[in-house]
Structures are given as structure tokens and as C-alpha cells.
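Engineer:
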Amino acid sequence: MITTLDSGGLPALSPHGTISSATNRVGDPSPGSRMQKLNTVAKQFEGVLLASLLQEVQKGSLDSSEGGLGPGSETLRSLGTEAVAQALAQKGGLGIARMIVNHFHYLADDGS
-19 MITTLDSGGL
-9 PALSPHGTIS
1 SATNRVGDPS
11 PGSRMQKLNT
21 VAKQFEGVLL
31 ASLLQEVQKG
41 SLDSSEGGLG
51 PGSETLRSLG
61 TEAVAQALAQ
71 KGGLGIARMI
81 VNHFHYLADD
91 GS
């Protein structure tokens, strides 16, 4: 389903389900660079998923009526949750990013 990479170096979907040689055109990033970009984006995606999961867990365990919480505490908590989620994703997280990268790597190898 991937034929080329878009201008940002990300996989572009194709209705034909094949990998074409168009990915090696002049101006396209090298295969190593594309995999590095895919790895970075996959980790960011996993970080967003983890942040969403952690925020839902916090909603169930923290009561906003507790003493000592100021007007900016919710924003600070949200920023902290996002930072923790991104750090977890960079260290491997739940393995979602690895599965995404492996999937696209398999598609690229399969079409050769």
C-alpha cells in the first residue's frame, strides 16, 4: 500500500498496494533517513497514545477538590503527563512504535 514517501519523508498511501522504485528519485531522502524519520514519528505517535492513557488514569485517581491545587495545577499536571509519556515512548513504551516501524519495514522489503 505504500508507493512513495511524501515531501516530508513519510510513507504515502497507494491504492495499488505495491512499492515502486519511485522512492529512489533524486531529492528523496536515503532509505536510512526515511527509516529514522519513520522511527521518530512512530515514537511521537506512541507518546500521544500513552499521554491519553495516562490522563485517563489520572482522572480516576486524582480529585481536583483536594487541597493545595492552584488555578494552574491542571495545566502543569497535563504537561507533566505528556513529558512522562514521551519519555516512556522514547525508551520503548508499550512497543507500539516498534510494531509500526517493523510493519513498514516489512512492506518495503516485501515489494522489492
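In terms of the numbering used here, the sequence shown opens at residue -19 and continues consecutively.
Heads up, the beta-carbon is just placed ideally off N, CA and C, and yes, glycines get one too.
For residue 26, is the classification buried or exposed, using 16 other Cβ atoms within 10 angstroms of its Cβ as the cut-off for buried?
Structural biologist: Classification for residue 26: buried.
Engineer: Tell me which residue opens and which closes the alpha helix (DSSP H) that residue 23 is part of.
Structural biologist: 11 to 41
Engineer: Report all residues from its chain with a CB closer than 6 Å to the CB of residue 76; omit the five preceding and five following residues, and keep chain order.
Structural biologist: 26
Engineer: With respect to the alpha helix (DSSP H) encompassing residue 60, which residues constitute its N-terminal and C-terminal limits?
Structural biologist: 53 to 70
Engineer: Note down, in chain order, each residue of its chain lying with its Cβ closer than 8 Å to the Cβ of residue 24, except the 5 sequence neighbours on either side.
Structural biologist: 66 and 69
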